[in-house]
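Worksheet: the structure to be examined is printed underneath.
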Amino acid sequence: MVSTMALRARLSGTFCKLYNDLSYNCRQSHNKYATASATQSKSELKSKYDVVIVGAGHNGLVSAAYLQEAGLNVCVVERRHVIGGAAVTEEIIPGFKFSRASYVLSLLRPKIVQDLELKKYGLEVYLRDPSSYTPLLNPGGRDGKARSLLLHRDSQKTAESIAQFSQKDAKNWIEYEKQLEHIVSAIEPLMDNAPVSLPNVMAPTIREQLKSLPAILTLLKSLKGLGKETDAFYELMTAPTTKILDKWFESEPLKATLATDSVIGAMISPKTPGSGYVLLHHVMGELDGVKGAWGIVKGGMGAVSQSIANCAVDRGASIFTEAGNLPEDMMSELRNLDYTSPVTKINVAVKELPNFVADPNIRKNEVMPHHRATIHLNCEHSDLIHEGFLDAQAGKFSRKPMIEMVIPTSLDPTMAPPGCHVCLLFTQYTPYHLADGQEWDDGNRNRYADTVFDDIEQYAPGFKASVIGRDILTPPDLEKTFNLTGGNIFHGTMGLDQLYMSRPTTRLSNYKSPVRGLYLCGSGAHPGGGVMGSAGRLAAMETLSFFKRKYVKNNK
Ligand SMILES: Cc1cc2nc3c(=O)[nH]c(=O)nc-3n(C[C@H](O)[C@H](O)[C@H](O)COP(=O)(O)OP(=O)(O)OC[C@H]3O[C@@H](n4cnc5c(N)ncnc54)[C@H](O)[C@@H]3O)c2cc1C
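Just so it is clear: in the sequence shown, position 138 is 139 by my numbering, and no numbers are missing.
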């Protein structure tokens, strides 16, 4: 499901109906303003908007802030009672606040943080160091004693942890990181610019064709920037991650830990050709100038959306919750897209910190560095991830799921009652459709969560007894709760066929829909999923050029 934006100007046909429906629904719910800010709750529905944004996900809110700043009158309508979409904080269990869907931040574009002054509007992020922790069930490594692997911000420290498993890998780590950094900095400009539009390139007039020029120049600059790493980039885009990692490294669990980034949110295995792109997507961010860093947001991921909404409302935009609906015929174009998803998110309230056998707590319930990292479980070997994928291909949930645990309360204790913690479990693989006519009913939902909890118990005995409550979101639950088609966390898979100039389809790239004045501003558009904001900003830019053209035409 993509967020969309509609322009008041030139509304016609079915779209006029949409606008009327929206106006009606807005009128109906004008006393249910979004919780964006105190200023907003006092505002009244205006009689006319230049732009109506359907969906208050972070991308829709980014669009609103940019468009309002440019002088347009903007209204955002959200079907849920709460803004943020998949970047949301919800108190599901009393006293415990969860980043219910997305949970760590990195991809949000620095330009957006700056342009929208998000720090002034309340965004605070805790950087994590170490960033990744992989405990082992059985000691291993070169001397048979290594209990865990830690990845730090400092490459040298990471190399020392890797050296427990392989000296060769420790040496290669520095070079591997350098290569990824080089590739990321070369292609980064593509994240902040609209893709080349094939319909424009193929247009009959030179005037139309010239519209593609800025995008073509950005693309060429990026390709040139790749320089000697062009081959490596091509391989990342097309090869299986295992092939790439096997070239660099010999030790598990390092390879398995890195491989997790290549399958996050995707119904693929590290052995699937093209899985390297998903890996690249996950190292493309930065926080406070630290490249590739992932952090915990104070107040949860809803605080990202809230800071953007605060900015938009402060600039004059209106936000309404429990409002809006898209006409059926608009959706048919998008039905053929691939929305397959393997993700089940389990949000858990616990009364004490997990105590890992690999690195026992020094004092009961005292946060240790590894508690602040992304904790990778069932990550001893890449084959485990692949086998989990094969289970899902057969219509079953993985018997040994890939588990990423994040404990935001290790950095932000305000999210739970004193002494208690929140454990966010991002897990795969769980197919949307189960085999043998099974449904994702309470029985299967709990059976899967129990499988995950049994595995965690092996790494951290006492975990199960510490659980106060849990919120299980299987792919159909993610679809129902957040309107994510198929439960896909990226609004459509991030395969080569649905990237860049083909995102979400070639005809719909460049944010324009076939309905004049209707634009796509969600993660279904380039550059895709994650709490990035880029699709929202780029759609706003495209919309502004529509208004400029209209203004110039009207003044001729
Ligand atoms: C479980 C999970 C974990 C994730 N983890 C991370 C992570 O850690 N880090 C990260 O960067 N990304 C993560 N992601 C991906 C990221 O959260 C999403 O890609 C991103 O938030 C999408 O933002 P968006 O604004 O494009 O759309 P959404 O957040 O999906 O917002 C769209 C909004 O539109 C509303 N809407 C839809 N239809 C209508 C309608 N007809 N009328 C009115 N309103 C409508 C929806 O209710 C929703 O609020 C995760 C996603 C999930 C689901």
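Beta carbons: idealized from backbone N, C-alpha and C, even for Gly.
For the region 431–439 against the region 311–326, are there 3 or more C-beta pairs whose distance is under 8 Å? no
Run through DSSP, which three-state label would residue 472 get? Correct three-state label for residue 472: strand.
Closest residue to residue 508 among 221, 460, 335 and 300 (Cα-Cα distance): 335
Between the C-alpha atoms of residue 418 and residue 300, what's the straight-line distance to the nearest angstrom? 13 Å
With DSSP as the reference, label residue 337 as helix, strand or coil. coil
Flag this pair as yes or no: are the beta carbons of residue 386 and residue 475 separated by less than 8 Å? Cβ distance not < 8 Å, so residue 386 and residue 475 don't count as in contact.
How many whole angstroms separate the CB atoms of residue 113 and residue 534, which I take to be in contact at a CB cut-off of 8 Å? 4 Å
Starting from residue 136, follow its DSSP beta bridges and name the residues at the other end. BP columns for residue 136 point to 149.
Given residue 271 as reference, the closest of 289, 390 and 153 once Cα atoms are compared: 390
To test your reading of the DSSP string, which unbroken alpha helix (DSSP H) runs of 4 or more residues are found completely within the region 145–191? 156–164 and 168–188
Residue 274 versus residue 392 - alpha carbon distance: 19 Å
What are the boundary residues of the beta strand (DSSP E) that residue 236 is part of? Not the beta strand (DSSP E): residue 236 falls in the alpha helix (DSSP H), residues 231–239.
Can you tell me the Cα-Cα spacing of residue 95 and residue 128, whole angstroms? 27 Å
Contact test: residue 122 Cβ vs ligand 1 heavy atom, cutoff 7 Å: no
Short of 6 Å in beta carbon distance, which residues of its chain neighbour residue 541, apart from the five on each side in sequence? Order them along the chain. 64, 67 and 68
Among 473, 255 and 294, which one has its Cα closest to the Cα of residue 173? 255
First and last residue of the alpha helix (DSSP H) that includes residue 429? Careful: residue 429 lies outside any alpha helix (DSSP H), inside the beta strand (DSSP E) at 422–429.
List the endpoints of the continuous alpha helix (DSSP H) containing residue 457. Element bounds for residue 457: 443–460.
In this structure, how does DSSP classify residue 33 when only helix, strand and coil are distinguished? Because the pLDDT at residue 33 is just 31, under 50, the model does not fix this residue reliably, and the point stays unresolved.
Counting C-beta neighbours from all protein chains within 10 Å, is the total for residue 310 16 or more, i.e. buried, or is it exposed? buried
For a test of the three-state rule: what should DSSP assign to residue 258, helix, strand or coil? helix
Which of helix, strand or coil does DSSP assign to residue 377? strand
Are the CB atoms of residue 132 and residue 148 within a distance shorter than 8 Å? no
Please classify residue 497: is it buried, with 16 or more other beta-carbons within 10 angstroms of its beta-carbon, or exposed? Classification for residue 497: exposed.
Mind listing, in chain order, the continuous alpha helix (DSSP H) runs of no fewer than 4 residues lying wholly within the region 54–99? 59–70
Using a Cβ-Cβ cutoff of less than 7 Å, which residues in the same chain neighbour residue 373 once the five nearest sequence positions on both sides are dropped? 129, 411 and 412
Supposed close pair residue 349, residue 426 - CB separation, criterion 8 Å: 6 Å
For the alpha helix (DSSP H) holding residue 390, just list the boundary residues, first then last. Per DSSP, residue 390 belongs to the alpha helix (DSSP H) from 383–394.
Mark residue 511 as exposed unless 16 or more other C-beta atoms lie within 10 angstroms of its C-beta, in which case mark it buried. buried
For residue 347, name the three-state secondary structure that DSSP assigns. Here residue 347 carries a strand assignment [DSSP, helix/strand/coil].
In angstroms with no decimal places, state the Cα-to-Cα distance between residue 491 and residue 405. 18 Å
Say yes only if the C-beta of residue 536 is nearer than 7 Å to one or more non-hydrogen atoms of ligand 2, and no if none qualify. Questions concerning ligand 2 fall outside what the structure shown contains, since the ligands it does hold are ligand 1.
Quick one: what does DSSP say residue 537 is sitting in, helix, strand or coil? helix
Under 8 Å between C-beta atoms of residue 104 and residue 343: no
Report yes if the C-beta of residue 60 is less than 7 Å from at least one heavy atom of ligand 1; otherwise report no. Here the distance from the Cβ of residue 60 to the nearest heavy atom of ligand 1 is below 7 Å.
I'd like to know if the region 220–230 and the region 180–199 are in contact, where contact means that at least 3 CB-CB pairs between them fall below 8 Å. yes
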